[in-house]
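Trainee:
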Amino acid sequence: MRWKLIAFLILAGLLVFSATVLFLRKAPAVRGEAYLRQALHCYRLAVRKHPADKQLWQRYEKLLGLLLPTGEVRLELATRYEECGFPGEANPALQELSPQERQELLAALRKRLSQTADLRERTTLSLLLARLSPQDAQAWFNLGKLYLGLGQTEEAIGALEKALSCGLQEPEVYYYLAVSYREAGRLEQAEATAKSGLARKDEVNLHRVLLDLYRRRGQKQLALQEQARIKDLLAKLTVPERPRAVPEEKEKPARVPTGLSPYTFLMVSKTEQKLSVCRYDGKNLEILQTYPCTTGKNSGQKEKPGDGRTPEGCFLLSQKIDGSRLPAKYGLGAYTLEYPCVVDRMAGRSGNGIWLHGTPIERPPYNSEGCIVLNDKDFSAVSGFIQPGRTFLYVAEKPAVGDLQSALEAVHNWKKDWESLKIDNYLAWYDERFSSDGKNRSAWATYKRKVNRTKKYIKVSLEDLQVLPFGQTPFGEVAVAYFQQRYESSDLKSVAWKTLYLVRKDDSWKILSEITR
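Residues 771 to 1287, numbered by the numbering used here, are exactly what the sequence shown covers, in order.
If you want it as structure tokens, here you go:
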């Protein structure tokens, strides 16, 4: 171990020496600017730590003047003063500007906004932008949504009221303002704002705000009226147009096993921070739409509560929660993921509260506590493809769909062996690590042998069958089969939804777990 440590130190020393030589070879002016930028970074940290030190601010301003144009110096000072809680100092930096200086400063602000991913800095910059352009309704609207996303309700109300007074009379503004009033406990203002928005356009989300308000007050008749109106409006909405890829040449339709119809699922790439809507017909995978999303702030597979990671696997979207029942930062709503699933529990993983949800703002990449987040516009579009209790979400660092065709064939062969009453052939489909409802493989085999002993026939129908990728696990590559099972035997009939978790083993598939609901 000692020699390994010595070798590591020598290697590290060589790397530092090489980097130093390369740096010193650069032109003196380049080295000088690098030193200044490093000093600027240190001063920025210093003023954050000691915001009351006026001499520190003066030296910081002089250093800024050596590196940045006048407009950007003003912007930097205003940003830091605002950040440090001195809005009174920030304002003078933006005053007494010539028209040209104002345009230069606005350009610098917009450029900085496009470059930063930090939500609090984006909020500060948006506030400065709105102050520089006090009649820009869109700037106030964007600022209001940022405040909502950060849970700063009163600030959101002020910015959104300003957007309305500047002439932005869109339903979205009324919706977010009504939600903000509701969050602040100002229920009468929330109701009045929602109704004002509805006077301009009959919009579902504004009716949802009223529904929530009437439920809170116990006004049952008004709540029923809102429910009926929401139902009528939703009935008129159509699923977004789904673009179809034009094949290069005509092909014969793929032979699809009985019981399989084309189905839609969602796929999230954590590496690309994208959510795709996918359609699979048993042979071909088609990407219908793709949207930017954000996932957990920490990389890797979720292991425990509070680790800031997004779980990887394939999860059923089980329930929709309307945004009117959630804090404003969740936007138009959320879908709950069935995490941890049985495979996660078998692998020792835990956690809860993982959702696919909206947000009123444009969230930067890797900016959630573990949920998958879409801006409200994209959340609304994706919702058109989701059926709670039927639609799955597949999440991976780099998604790979794999060989779903062979998994699909395995499910149909498992069904045939079950119907054959040849119990050994049927049980051969179950992996030795099988676990379900408290039973291991041995207990499952004992139970099934006992049940099948008196059967004269078994018929099984698999309807609405989906086969989906789950990804790599400690047990190997896993796929999910989900279907409505209609079972009939000589002494029993039943209908239930079933999930099979299949694990690839020696170029074949075995059942790792079986869940009936």
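Every residue gets a Cβ at the ideal spot worked out from N, C-alpha and C, and that includes glycine.
1. Distance check for residue 1199 and residue 1183, CA to CA, integer angstroms please.
2. Between residue 1262 and the ligand COA, is there a pair consisting of the residue's CB and a ligand heavy atom that are separated by less than 6 Å?
3. Sorted by chain position, which residues of the same chain lie with C-beta nearer than 6 Å to residue 1167's C-beta, five sequence neighbours on each side aside?
4. How close, in whole Å, do the beta carbons of residue 1260 and residue 1226 come, if the pair is a contact with beta carbons under 8 Å?
5. Just to confirm my understanding: we take residue 1124, look at its own chain, exclude 5 residues before and 5 after, and list those with CB closer than 7 Å. What are they?
6. Identify whether residue 963 lies in helix, strand or coil by the three-state DSSP scheme.
7. Quick check on DSSP: helix, strand or coil for residue 910?
8. Where does residue 1283 fall in DSSP's three states?
9. Apply the 10 Å Cβ neighbour rule to residue 848 and answer buried if 16 or more other Cβ atoms are within range, or exposed otherwise.
10. Could you work out which residue in 904, 915, 873 is closest to residue 892 when comparing CA atoms only?
11. Leaving out five residues on either side along the sequence, give the residues of the same chain with a beta carbon under 8 Å from the beta carbon of residue 856.
12. Under a three-way DSSP split, which group does residue 1210 fall into?
13. Exposed or buried, what is residue 1216 when buried is set at 16 or more other beta-carbons lying within 10 Å of its beta-carbon?
14. Can you tell me where the alpha helix (DSSP H) holding residue 1051 begins and where it ends?
15. Which one of 959, 1188, 1245 has the shortest CA to CA distance from residue 1222?
16. To the nearest angstrom, how far is the alpha carbon of residue 1257 from that of residue 1267?
17. Does the region 1199–1208 come into contact with the region 1091–1107, if we say contact requires no fewer than three beta-carbon pairs (one atom in each stretch) closer than 8 Å?
18. If you drop the 5 nearest sequence neighbours on each side, which residues of the same chain put their C-beta closer than 6 Å to that of residue 1286?
19. In or out: residue 1156 buried (at least 16 other Cβ within 10 Å) or exposed?
20. So, is residue 1224 buried or exposed, given that buried needs 16 or more other C-beta atoms within 10 angstroms?
21. Could you compute how far the alpha carbon of residue 1056 sits from the alpha carbon of residue 1044?
22. Please give me, in chain order, every unbroken run of the alpha helix (DSSP H) with length at least 4 that falls completely inside the region 920–1007.
23. How many angstroms separate the CA atom of residue 1219 from the CA atom of residue 1118?
24. Mind checking which residues open and close the alpha helix (DSSP H) that includes residue 905?
25. Among 1149, 1134, 1228, which residue has its Cα nearest to the Cα of residue 1127?
26. According to the neighbour-count rule (16 or more other Cβ atoms, all chains shown, within 10 Å of its Cβ), is residue 1185 buried or exposed?
27. What residue range does the alpha helix (DSSP H) around residue 1136 cover?
28. Looking only at its own chain, which residues have a Cβ that is under 7 Å from the Cβ of residue 1099, when we skip the five neighbours before and after it?
29. When you compare only the Cα positions, how much space is there between residue 993 and residue 963?
30. Can you give me the C-alpha to C-alpha distance between residue 1074 and residue 878, rounded to a whole angstrom?
31. Helix, strand or coil, according to DSSP, for residue 835 in the structure here?
32. Kindly indicate the opening and closing residues of the alpha helix (DSSP H) around residue 1174.
33. Locate the beta strand (DSSP E) running through residue 871, then write down its first and last residues.
34. Tell me, which residues are paired with residue 1104 by DSSP?
35. Taking the CB atoms as reference points, tell me whether residue 935 and residue 913 lie closer together than 7 Å.
36. So the candidates are 1181, 874, 868, 959; which of them puts its Cα closest to the Cα of residue 838?
Mentor: On the basis of the supplied data:
1. The residue given as residue 1183 occupies position 413 in the sequence shown. The residue given as residue 1199 occupies position 429 in the sequence shown. The straight-line gap from Cα to Cα measures roughly 9 Å.
2. In the structure shown, the ligand COA is absent, as is every other ligand, since no ligand is present at all.
3. Start at 1 with the first residue of the sequence shown, and residue 1167 comes out as number 397. For residue 1167, where only same-chain residues beyond five positions count, the Cβ hits under 6 Å are 1040, 1041.
4. Reading the sequence shown from its first residue, position 490 is the one you call residue 1260. Reading the sequence shown from its first residue, position 456 is the one you call residue 1226. Yes, they are in contact, since the Cβ atoms of residue 1260 and residue 1226 sit about 4 Å apart, within 8 Å.
5. Here residue 1124 is taken as the residue at index 354 of the sequence shown, counted from 1. Excluding positions up to five away in sequence, the list reads 1081, 1107, 1109, 1140, 1141.
6. Residue mapping note: residue 963 aligns to position 193 of the sequence shown, counting from 1. Of the three classes helix, strand and coil, the one that applies to residue 963 here is helix, per DSSP.
7. Numbered from its first residue, the sequence shown carries residue 910 at position 140. Helix.
8. Here residue 1283 refers to the residue found at position 513 of the sequence shown. The answer is strand: DSSP assigns residue 1283 an E or B state.
9. Start at 1 with the first residue of the sequence shown, and residue 848 comes out as number 78. Buried.
10. Counting from 1 along the sequence shown, the entry for residue 892 is found at position 122. The residue with the shortest Cα to Cα distance from residue 892 is 915.
11. Taking the first residue of the sequence shown as 1, we reach residue 856 at position 86. Excluding residues within five positions, the ones whose Cβ falls inside 8 Å are 821.
12. The count along the sequence shown starts at 1 and reaches residue 1210 at position 440. Strand, per DSSP.
13. As a working note, residue 1216 is residue 446 in the sequence shown. So residue 1216 counts as exposed.
14. Translated into the one-based positions of the sequence shown, residue 1051 becomes position 281. Element bounds for residue 1051: n/a, residue is neither H nor E.
15. The residue given as residue 1222 occupies position 452 in the sequence shown. For the residues 959, 1188, 1245, the minimum Cα distance to residue 1222 belongs to 1188.
16. Within the sequence shown, numbered from 1, the residue matching residue 1257 stands at position 487. Within the sequence shown, numbered from 1, the residue matching residue 1267 stands at position 497. Cα to Cα, residue 1257 sits roughly 11 Å from residue 1267.
17. no
18. The residue you call residue 1286 lines up with position 516 of the sequence shown. Correct list, in chain order: 1266, 1268.
19. The residue given as residue 1156 occupies position 386 in the sequence shown. Result: buried.
20. By one-based count along the sequence shown, residue 1224 stands at place 454. Exposed.
21. By 1-based counting over the sequence shown, the position of residue 1056 is 286. By 1-based counting over the sequence shown, the position of residue 1044 is 274. When rounded, the distance between both Cα atoms is 16 Å.
22. 923–935, 941–953, 957–970, 974–987, 990–1006
23. Residue 1219 sits at position 449 when you count from the first residue of the sequence shown. Residue 1118 sits at position 348 when you count from the first residue of the sequence shown. The straight-line gap from Cα to Cα measures roughly 30 Å.
24. Looking up residue 905 in the sequence shown gives position 135. Where residue 905 is concerned, there is no enclosing alpha helix (DSSP H), given that its DSSP letter is neither H nor E.
25. Taking the first residue of the sequence shown as position 1, residue 1127 is located at position 357. Comparing Cα positions, the closest option is 1149.
26. On the sequence shown, residue 1185 is found 415 positions in, with the first residue counted as 1. So residue 1185 counts as buried.
27. If you number the sequence shown from 1, residue 1136 lands on position 366. No alpha helix (DSSP H) holds residue 1136; DSSP gives it neither H nor E.
28. The residue labelled residue 1099 in the question sits at position 329 within the sequence shown. Correct list, in chain order: 918, 919, 921, 1129.
29. Here residue 993 refers to the residue found at position 223 when the sequence shown is read from its first residue. Here residue 963 refers to the residue found at position 193 when the sequence shown is read from its first residue. About 17 Å.
30. Within the sequence shown, numbered from 1, the residue matching residue 1074 stands at position 304. Within the sequence shown, numbered from 1, the residue matching residue 878 stands at position 108. So the two alpha carbons sit approximately 42 Å from each other.
31. For the purposes of this step, residue 835 is taken as the residue at position 65 of the sequence shown. Note: residue 835 maps to helix in three-state DSSP.
32. Against the sequence shown, residue 1174 aligns to sequence position 404. From DSSP, the alpha helix (DSSP H) with residue 1174 extends over 1174–1189.
33. The residue labelled residue 871 in the question sits at position 101 within the sequence shown. Run containing residue 871: none in the beta strand (DSSP E); it sits in the alpha helix (DSSP H), 869–885.
34. Looking up residue 1104 in the sequence shown gives position 334. According to DSSP, residue 1104 bridges with 1091, 1127.
35. For the purposes of this step, residue 935 is taken as the residue at position 165 of the sequence shown. For the purposes of this step, residue 913 is taken as the residue at position 143 of the sequence shown. No.
36. For the purposes of this step, residue 838 is identified with residue 68 of the sequence shown, where counting begins at 1. The shortest Cα separation from residue 838 among 1181, 874, 868, 959 belongs to 874.
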